[in-house]
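Note that the protein sequences, when read in sequence, are chains A and B. Under my numbering, the first residue of the first sequence carries the number 1, and numbering increases by one thereafter. Under my numbering, the first residue of the second sequence carries the number 343, and numbering increases by one thereafter. Glycine included, C-beta positions come from ideal geometry on N, C-alpha and C. The structure presented is a predicted model; accordingly, all values stated were derived computationally and were not measured. Before any comments, here is the structure.
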Amino acid sequence: MSMELRASPHLHSGRDVPTIMRHVVYALLPICAFSIWQYGLSAIALITTVTLSCLAAERIANRMSGTVNTLSDWSATITGILLALTLPPAFPLWMGAVAGFAAVWLGKSLFGGLGHNPFNPALVGRAFVQAAFPTAITTWAPAFSPQRFTEFIPSTLTLPFCVPNDISAWVTANMVDGFTGATPLARWKFEQFVYPVEDMITGAAAASTGETSALLLLVCGLYLIARRFMDWRIPVAVVGSAMIMAWGFQMYDPEAFPPMHLALLSGGLMLGALFMATDMATSPVTPMGIWVYGAIIGVVTILIRYFGGLTEGVMYAILFGNAAAPLIDKYLQPKVFGARKK
Amino acid sequence: MTMGAKQVTNMEQLLEGIWKQNPVFVMTLGMCPTLAVTVSGFNALGMGVATTFVLVCSAGLISLLRNFIPKEVRIATYIVIIATFVTLVDYIIQAVSLALYDALGAFIQLIVVNCIILGRAEAHAAKSPSLPAVLNAFGMGVGFTIGLLALGSVREILGAGKLFGVTLFGADFQPWVVMVLPPGGFFVLGAWLLLFAWWARRKEANHGA
């Protein structure tokens, strides 16, 4: 009788990276659909352009480094979709393409590809264009313009390397009730105006392409959690710590700090907590570490929003958490079973 | 660097710093001014010329004095010599172009601690006669200037749409603000290093085949 000796693991769940990534793409599709319903052609063009540029960047990086083709693992697709969802709907397409290339090259390929990247690639791309084009990335277009399915937002089709076309005339022509061109967080910061909850759930507030509906983001995130494609502790830790911080500040001084719903529903907190902080390559793996990591992101987000110069802090908070992840894992190693303290 | 048995010709001395041992792209020395002052082509050129002047003069003088400098205090002596020429350059730039002087700021005085200069003094000028020492230093200076210009022009073109202050594109050009900020220096330097590394690897692969 012959016996085969093999090292563990002996059982494989059948799940591999492409499968997980594919399901994340599925979870992102309703969010894309919602943003297209809100912003029409411009959202379609932005999501397509950014995703294609990420795929192109990945292909070129494969070619240059002489590695195997990694397009089929879906990771570049996810990077592209997520990145597009964090950009403003009126963002010029050529800048979107720059962001896509920066995301894949600076965020992933240079470090050796998927799994070796210390930072979330989509956020690296966004940070790059935020530093490169600070005006364009804070120009918000109103949702639900009547002509959104027949014409582009003027700035979308800006010629490459040119200053984005001015959209103020278009905004007045397509005026939607109460649109001010400022996000809920910016309005709170500069005008002490608190947005009503319903506007931030139905997508009527100015925001990035994919962060307008906190509710929809939550539902899509829950799908991934239910299918166990995502670690539920990370979003819970991020949102929970942000909630505690926001609640604490609100208790301390209700005049100076906004109510809790603004902190939770506005900006990219839901999108970041559910789809970006949970990136497997850039988050800790130790059980305690996951909680610490999530808490750092939530706390830093609120600190940047309330005390920083920027109106939104989720992006830098997650990048900060990514940077801290290896250190967190190092110090919070669980005790090996049966090991004795030295 | 190549102090082998083979006689190094003067031409090779000169070309060493420009290409084979380029201070920016090959030796990655003098990174502080490389990253800090290359916001525009003009600043890069000014910095490069100033460094070349100090490099050539100090190499020449150190080479002439090499038999008189006691080994124990050689570093201090080199620094005094280099600092003399840096002070000269500092005053000359101030007199010639106050705009450039303000743009380069403390980095002119900091040429004194530029590791290319002390490196050349220690590794080359202190061991060779004046002519090869000066040629080598001049090549290094030119190589350094080329490196700075490579960074400065990319950063100025993308970050301001200009080159040496001349507007290149129409008024519609969208400047990439990040390129004139500190991160832009790292991005552009990294991109150049990547390009050269990739090129070198390709050349090697082609030679092997």
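Start and end residues, alpha helix (DSSP H) containing residue i
i, result
"Leu218/A", "Ala214 to Ala226"
"Thr23/A", "Note that residue 23/A is His in the sequence shown here, rather than Thr. Val17 to Tyr39 is the span of the alpha helix (DSSP H), which, as asked, contains His23/A."
"Tyr420/B", "Arg416 to Val438"
"Cys457/B", "Cys457 to Ala465"
"Lys330/A", "Val314 to Tyr331"
"Asn305/B", "Examination of residue 305/B is not possible in this model, given that chain B is present from 343 through 551 alone."
"Gly96/A", "Leu93 to Gly107"
"Thr183/A", "Per DSSP, Thr183/A belongs to no alpha helix (DSSP H) and is neither H nor E."
"Val300/A", "Pro287 to Phe307"
"Gly359/B", "Gly359/B -> no alpha helix (DSSP H), and no H or E assigned at all."
"Thr79/A", "Ser75 to Thr86"
"Arg233/A", "Arg233 to Tyr252"
"Trp170/A", "Ser168 to Ala173"
"Val129/A", "Pro121 to Ala132"
"Val197/A", "Val197 to Thr202"
"Thr376/B", "Met373 to Ala378"
"Leu265/A", "Met260 to Leu265"
Buried versus exposed call for residue i [16 or more other C-beta atoms within 10 Å across all chains shown]
i, result
"Ser155/A", "buried"
"Cys374/B", "exposed"
"Ile417/B", "exposed"
"Val381/B", "buried"
"Gly485/B", "buried"
"Asp166/A", "exposed"
"Leu5/A", "exposed"
"Thr351/B", "exposed"
"Ser13/A", "exposed"
"Phe529/B", "buried"
"Met251/A", "exposed"
"Ser266/A", "buried"
"Ala467/B", "buried"
"Leu440/B", "exposed"
"Ala72/A", "The residue you asked about is not Ala; residue 72/A is Ser in the sequence shown. Ser72/A comes out exposed."
"Trp541/B", "exposed"
"Asn456/B", "buried"
"Arg187/A", "buried"
"Arg544/B", "exposed"
"Leu159/A", "exposed"
"Phe395/B", "buried"
"Gln38/A", "buried"
Within-8 Å CB hit, residue i to chain B
i, result
"Phe91/A", "no"
"Cys32/A", "no"
"Phe320/A", "no"
"Val163/A", "yes"
"Phe133/A", "yes"
"Phe128/A", "yes"
"Met64/A", "yes"
Paired residues, beta bridge with residue i - DSSP
i, result
"Phe515/B", "Cys162/A"
"Lys504/B", "Thr509/B"
Chain A contact for residue i (CB, 8 Å cutoff)
i, result
"Thr344/B", "Because the pLDDT at Thr344/B is just 48, under 50, the model does not fix this residue reliably, and the value given afterwards should be weighed accordingly. Not one chain A Cβ lies under 8 Å of Thr344/B."
"Pro525/B", "yes"
"Gln516/B", "yes"
"Trp540/B", "yes"
"Glu520/B", "Strictly speaking, residue 520/B in this sequence is Val, with Glu absent from that position. Chain A contact via Cβ: present."
"Glu354/B", "no"
Checklist entry - Okay, do the stretch 222 to 242 of chain A and the stretch 272 to 287 of chain A touch, 3+ Cβ pairs below 8 Å being the bar? => result Here the stretch 222 to 242 of chain A makes contact with the stretch 272 to 287 of chain A; the two share three or more CB pairs at distances below 8 Å.
Item to check | Inter-stretch contact at 8 Å, needing at least 3 Cβ pairs: the stretch 391 to 409 of chain B / the stretch 499 to 513 of chain B | outcome: no
Checklist entry - Counting Cβ pairs, one atom from each stretch, are 3 or more of them under 8 Å apart for the stretch 83 to 90 of chain A and the stretch 126 to 137 of chain A? => result yes
Next on the checklist: Under 8 Å: do the stretch 167 to 175 of chain A and the stretch 141 to 151 of chain A share three or more Cβ pairs, one atom per stretch?
Outcome noted: A contact exists between the stretch 167 to 175 of chain A and the stretch 141 to 151 of chain A.
Checklist entry - Can at least three beta-carbon pairs, one atom from the stretch 361 to 369 of chain B and one from the stretch 418 to 425 of chain B, be found at a separation below 8 Å? => result Judged by Cβ distances under 8 Å, the stretch 361 to 369 of chain B makes no contact with the stretch 418 to 425 of chain B, as fewer than three pairs qualify.
Next on the checklist: Contact between the stretch 205 to 212 of chain A and the stretch 287 to 303 of chain A is defined here as three or more beta-carbon pairs at a separation below 8 Å; is this criterion met?
Outcome noted: no
Checklist entry - Would you call the stretch 242 to 258 of chain A and the stretch 198 to 206 of chain A in contact, with 3 or more CB pairs under 8 Å? => result The stretch 242 to 258 of chain A vs the stretch 198 to 206 of chain A: no contact.
Next on the checklist: Counting beta carbon pairs with one atom in the stretch 106 to 124 of chain A and one in the stretch 497 to 506 of chain B, are three or more of them shorter than 8 Å?
Outcome noted: no
Next on the checklist: When you compare the stretch 427 to 438 of chain B with the stretch 485 to 502 of chain B, are there three or more beta-carbon pairs, one atom per stretch, that lie closer than 8 Å?
Outcome noted: no
Next on the checklist: With a threshold of 8 Å, are at least 3 pairs of Cβ atoms found where one atom belongs to the stretch 90 to 108 of chain A and the other to the stretch 47 to 58 of chain A?
Outcome noted: yes
Checklist entry - Would you say the stretch 56 to 76 of chain A touches the stretch 299 to 313 of chain A, given that touching needs at least three Cβ pairs under 8 Å? => result No, the stretch 56 to 76 of chain A does not touch the stretch 299 to 313 of chain A.
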